[in-house]
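The structure appears below as structure tokens.
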Amino acid sequence: MIFDLALVKKQLIVDHSEEDEYIQSLCIAAEQAFNNYCSRTLFATDADLSGAPENAVLLTESIQLGAMVLVGSWYENREGGRKLPMPTRLLWDPYRWLNV
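Heads up: the sequence shown begins at 1263 in the working numbering, then just goes up one per residue.
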């Protein structure tokens, strides 16, 4: 998992470990959502970029925050929504890979 579980739990104001597995699954889904929305491949460190595709991008604070907002939305509304939250889109839009 690319996102920091402890940081995500702080965002969610969760101080127990009973839901760690569920929160981790939300984080993995958020990473996939980023990859799909931005048409990018997300990596945690420079070392991971060796042999990476052209559309590779390193994890940044704004990507992390966008993911935490998305995870928070899913955590609070387990029915889920079809659209990305506006703050997530605003944070992720600069990273979109557009094929022209």
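The beta carbon of each residue, even a glycine, is placed where N, CA and C say it ideally should be. Please read all numbers here as calculations on a predicted model, not as lab measurements.
Span of the beta strand (DSSP E), counted from its first residue to its last, around residue i
i: Ala1295; result: Run containing Ala1295: none in the beta strand (DSSP E); it sits in the alpha helix (DSSP H), 1282-1300.
i: Leu1320; result: 1318-1320
Expected contact under 8 Å - CB spacing of residue i and residue j to nearest Å
i: Ile1285; j: Val1270; result: 6 Å
i: Arg1415; j: Ser1301; result: The displayed coordinates of the chain run from 1263 to 1362. Any statement about residue 1415 would go beyond what the structure contains.
i: Ala1318; j: Thr1303; result: 5 Å
i: Asp1282; j: Leu1267; result: 7 Å
Residue i, enclosing alpha helix (DSSP H) - first and last residue
i: Thr1303; result: Per DSSP, Thr1303 belongs to no alpha helix (DSSP H); it is in the beta strand (DSSP E), 1303-1305.
i: Val1362; result: Looking at the DSSP string, Val1362 is not in any alpha helix (DSSP H), and its letter there is neither H nor E.
i: Val1276; result: First-last for Val1276: undefined, no H or E at that position.
From the options, residue whose alpha carbon lies closest to that of residue i
i: Pro1349; options: Leu1332, Ser1312, Leu1274, Glu1323; result: Leu1332
i: Phe1305; options: Ser1335, Gln1326, Ile1264; result: Ile1264
i: Trp1354; options: Leu1360, Phe1296, Asp1282, Ser1335; result: Phe1296
i: Thr1307; options: Glu1316, Gln1294, Thr1322, Pro1315; result: Thr1322
i: Gln1294; options: Leu1360, Asn1361, Leu1346, Gly1313; result: Leu1346
i: Pro1356; options: Trp1336, Glu1338, Gly1328, Gly1343; result: Gly1328
i: Leu1360; options: Ile1275, Ala1314, Ser1287, Tyr1299; result: Tyr1299
i: Leu1274; options: Gly1342, Glu1338, Val1362; result: Glu1338
CA-to-CA distance, residue j to residue i, given in whole angstroms
i: Trp1336; j: Ile1325; result: 17 Å
i: Asp1310; j: Leu1320; result: 9 Å
i: Gly1334; j: Pro1315; result: 30 Å
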